[in-house]
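Quick note: the sequence shown, position 4, residue 562 per the working numbering, numbers continuous.
Idealized CB from N, CA, C, for every residue including glycine.
Computed from a predicted structure; not experimentally measured.
Working notes for the structure below.
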Amino acid sequence: MNFFSKSSKGSFLNISEARTISFSIAAMIYKNDNPDFFLMNAERFLEDIFKKKHPNNSIKPEQSKQLVKLAITCFVEDKTLLDLFVNKKIPLSEIPSDIKSKSVAFNDEYLSSFLD
């Protein structure tokens, strides 16, 4: 199955779902400190996430690319947020708003472009 050209099944992701997927991927990359492995297997990772957590959602090829781009951008730019989430095990809901406000993962302007 070619995930990046997957046909529509149901509703498309909303901003919150896109944020969760991208941030989860960024956290996985951060935890394993291996972005190359993710990049080589991005399609498989996204397909697995969709099968498990969003089996009734659709995604456009451009949106899947945006999810990957956002995950890598979060990995590069959001080290403080990732450290709190991955290493200190602080849930996203408890991370201070001043840290979230500086985060790519919580930049709704960028994420809304994902939904276009």
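Cβ separation of residue i and residue j, assumed to be a contact under 8 Å, to the nearest whole Å
i    : j    : result
L571 : N615 : 6 Å
I573 : S670 : 6 Å
A663 : F581 : 5 Å
Boundaries (first-last residue) of the alpha helix (DSSP H) holding residue i
i    : result
D636 : Taken as a continuous stretch (DSSP letters only), D636 belongs to no alpha helix (DSSP H), as it is neither H nor E.
Buried or exposed by the 16-neighbour rule on C-beta atoms within 10 Å, applied to residue i
i    : result
S655 : exposed
CA-to-CA distance, residue j to residue i, given in whole angstroms
i    : j    : result
K608 : E601 : In the sequence as displayed, the identity of residue 608 is Phe instead of Lys. If I take the Cα positions, the gap works out to 11 Å.
K660 : C632 : 11 Å
K618 : Y588 : 26 Å
D641 : A629 : 15 Å
F562 : N645 : The pLDDT assigned to F562 is 47, lower than 50, so where the model puts this residue is not dependable; a value taken from the coordinates is nonetheless given after this. Distance between the alpha carbons of F562 and N645 is about 32 Å.
Bridge-paired residues (DSSP) for residue i
i    : result
F570 : S616
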